[in-house]
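2 protein chains.
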Amino acid sequence: MGRTPPHPEVSQFDLQQVLEALVDPVRRSIVTQLDAAAEDIKCGDFDIPVSKSTATHHFNVLREAGLIRQYYVGTSRMNTLRRADMEEAFPGLLDALTRAR
Amino acid sequence: MGRTPPHPEVSQFDLQQVLEALVDPVRRSIVTQLDAAAEDIKCGDFDIPVSKSTATHHFNVLREAGLIRQYYVGTSRMNTLRRADMEEAFPGLLDALTRAR
DNA sequence: GCATAAGTACGATGAATGTCAAACTTCGAC
DNA sequence: GTCGAAGTTTGACATTCATCGTACTTATGC
Numbered sequence: 011m012g013r014t015p016p017h018p019e020v021s022q023f024d025l026q027q028v029l030e031a032l033v034d035p036v037r038r039s040i041v042t043q044l045d046a047a048a049e050d051i052k053c054g055d056f057d058i059p060v061s062k063s064t065a066t067h068h069f070n071v072l073r074e075a076g077l078i079r080q081y082y083v084g085t086s087r088m089n090t091l092r093r094a095d096m097e098e099a100f101p102g103l104l105d106a107l108t109r110a111r
Numbered sequence: 011m012g013r014t015p016p017h018p019e020v021s022q023f024d025l026q027q028v029l030e031a032l033v034d035p036v037r038r039s040i041v042t043q044l045d046a047a048a049e050d051i052k053c054g055d056f057d058i059p060v061s062k063s064t065a066t067h068h069f070n071v072l073r074e075a076g077l078i079r080q081y082y083v084g085t086s087r088m089n090t091l092r093r094a095d096m097e098e099a100f101p102g103l104l105d106a107l108t109r110a111r
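Line by line, the protein sequences give chains A and B. When the first sequence is numbered by our numbering, its final residue is 111 and no position is left out of the sequence of numbers. When the second sequence is numbered by our numbering, its final residue is 111 and no position is left out of the sequence of numbers.
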């Protein structure tokens, strides 16, 4: 298992890529759950209706778009929402989406 | 040619549908051009790199999502950005997107 | 009426992409 | 070391969807 997967820097964020990440309902649900949570969440603890391999795929897409940061704790992969970074790159976007019902 | 095509009401706007409409670069370009323009724009006057039939498809998607309002003037179809309606349904979303570079 | 302009409708096609199962890897616990 | 838990990797598969060309419709202008 790779130690720390690659994360893009804010300067590399791409709107197209972020929107493609957020257009999928499962991925948007992940973002919403992270937004609502007080602490980081491990991959296995999300409430999503897909298999583990599909989940892995979705987390990769979110990470590569810059929406989440991932790091290992034992065999678990923890996830953090990169709020500040997203706010810097695309002001108001994440707020508008998490507040939209 | 149908007189006036069906437009959804604000109460019927659906975030998923709006995001699916906005994730396409051509459609987002249409929205951006409308946002930057002072007046309504007819379908044929947009600067988009697709055929007429494809353009029609994109305008339909935008209209059905509630992003634009369309009406005929002769054989031309005019387009307006439904800013206020979108702001009411999803506050901040359109602004965040049109301002994102 | 006729020609032209502006879109629309209809298939057809090709490329993405969300999905899963199965096999594999890593780490922690015992 | 062995086992189980947690993810990952790799194909394979199905569906969606952007795209186009062609034929059609509607309206304007002469």
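Note that beta-carbon positions come from the ideal geometry of N, C-alpha and C, so glycine has one too. Given the structure is predicted, the values throughout are model-derived calculations rather than measurements.
7 Å Cβ cut-off: residues of chain B touching residue i
i	result
A:Phe100	Ala106 and Ala110
Nearest neighbour of residue i, chosen from the options [CA to CA]
i	options	result
A:Ala65	A:Glu49, A:Ala48 and A:Arg87	A:Arg87
A:Asp24	A:Ala106, A:Ala110 and A:Phe100	A:Phe100
B:Val20	B:Gly84, B:Gln80, B:Glu74 and B:Thr85	B:Glu74
A:Leu107	A:Leu44, A:Pro15, A:His17 and A:His68	A:Leu44
A:Gln26	B:His17, B:Val36 and B:Gln22	B:Val36
B:Arg109	B:Thr90, B:Ile51 and B:Ala46	B:Ala46
B:Tyr82	B:Asp50, B:Glu98, B:Arg111 and B:Val41	B:Asp50
A:Leu77	A:Arg92, A:Thr85, A:Gly84 and A:Asp34	A:Arg92
B:His17	B:Glu97, B:Leu104, B:Lys62 and B:Thr90	B:Thr90
A:Lys52	A:Val33, A:Glu97 and A:Arg79	A:Arg79
A:Thr14	A:Gly84, A:Ala94 and A:Asp95	A:Gly84
Unbroken beta strand (DSSP E) run spanning residue i, endpoints
i	result
A:Ile78	Ile78 to Val83
Closer than 8 Å at the beta carbon, the chain B residues around residue i
i	result
A:Pro59	Here the premise fails: no neighbours, minimum Cβ distance about 15 Å.
A:Leu72	Chain B residues near A:Leu72: none, gap ~15 Å exceeds 8 Å.
A:Leu44	Residues of chain B passing the Cβ test: none, with the nearest at roughly 17 Å.
Residue i - partner residues in DSSP beta bridges
i	result
B:Ser86	B:Val83
B:Ile51	B:Asn89
Neighbouring residues, chain A, relative to residue i (Cβ below 9 Å)
i	result
B:Glu30	Val33
Within chain B, the residues that residue i reaches when beta carbons sit closer than 9 Å
i	result
A:Gln26	Val33, Pro35 and Arg38
A:Leu77	Going along chain B, no residue has its Cβ under 9 Å from A:Leu77, so there is no contact; the nearest lies around 14 Å.
Neighbour list for residue i in chain A, Cβ cutoff strictly below 8 Å
i	result
B:Leu91	Residues of chain A passing the Cβ test: none, with the nearest at roughly 16 Å.
Residue range of the alpha helix (DSSP H) that includes residue i
i	result
A:Gln26	Leu25 to Leu32
B:Val41	Pro35 to Ala46
B:His17	Here B:His17 belongs to no alpha helix (DSSP H), and DSSP marks it neither H nor E.
B:Ser63	Lys62 to Ala75
B:Asp105	Leu103 to Arg109
For residue j and residue i, believed in contact at Cβ under 8 Å, the rounded distance
i	j	result
B:Val4	B:Ala31	What the structure shows of chain B is the stretch from 11 to 111, and residue 4 of chain B is not part of that stretch, so it cannot be assessed.
B:Gly98	B:Leu104	Looking at the sequence shown, residue 98 of chain B is not Gly but Glu. Wrong, their Cβ atoms sit about 11 Å apart, outside the cutoff.
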